[in-house]
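*Asks:* With the numbering used here, the residue at position 76 of the sequence shown is 90, and numbering never jumps.
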Amino acid sequence: MYFLYVGLFGALGGMCRYAINLWLGGGDFPYATLVVNLIGCFLLAFVMRFLAEKSRISLVMLNGIGTGFIGAFTTFSAFSVDAIQLLENGEIVLAISYILISSIGGLLMVKFGAMLSTRLLKRGTSDVG
15 MYFLYVGLFG ALGGMCRYAI NLWLGGGDFP YATLVVNLIG CFLLAFVMRF
65 LAEKSRISLV MLNGIGTGFI GAFTTFSAFS VDAIQLLENG EIVLAISYIL
115 ISSIGGLLMV KFGAMLSTRL LKRGTSDVG
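1. So, with DSSP's three-state summary, where would you put G39?
2. Using a Cβ-Cβ cutoff of less than 6 Å, which residues in the same chain neighbour R31 once the five nearest sequence positions on both sides are dropped?
3. Is it true that the CB of A59 sits closer than 7 Å to the CB of A128?
4. If D42 and E105 are in contact, beta carbons under 8 Å, what's the gap, nearest whole angstrom?
5. Starting from the C-beta of Y45, find all residues in its chain whose C-beta is less than 7 Å away, skip the five residues before and the five after it, and write them out in chain order.
6. At which residues does the alpha helix (DSSP H) containing G54 begin and terminate?
7. If you draw a straight line from the C-alpha of K125 to the C-alpha of D96, how long is it?
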């Protein structure tokens, strides 16, 4: 069952990534890959923590969402290729900017996702008591 969920959610995640690439693609800067990866960092931290604590979703389904959807949605390989292409084209400042924004922005999005899920989970428990 695990492979089924990962496959189904992976297909959905890949389609969403492709849609964002069509919407934002093109130009000198890889905006689509940057946006997808930053959203993915946020989603993984937020959704996994929130759903693990708050929902009755099975661990198999939760792993399908995290590994399948978010794993297929984000793309480290495209990030790497984009950075190398910028460097090979002599766009040193753009390449360094892209790498820094992706790395630092990704960490900040994980922190933001974790903080938001924690805040929402605490709000839910304080309403009960």
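Glycine residues also receive a C-beta, built at the ideal position from the N, C-alpha and C atoms.
*Replies:* Looking at the coordinates:
1. Note: G39 maps to coil in three-state DSSP.
2. V50, F87
3. yes
4. 7 Å between Cβ atoms; contact.
5. Only L38 meet the Cβ criterion.
6. 45-68
7. 25 Å
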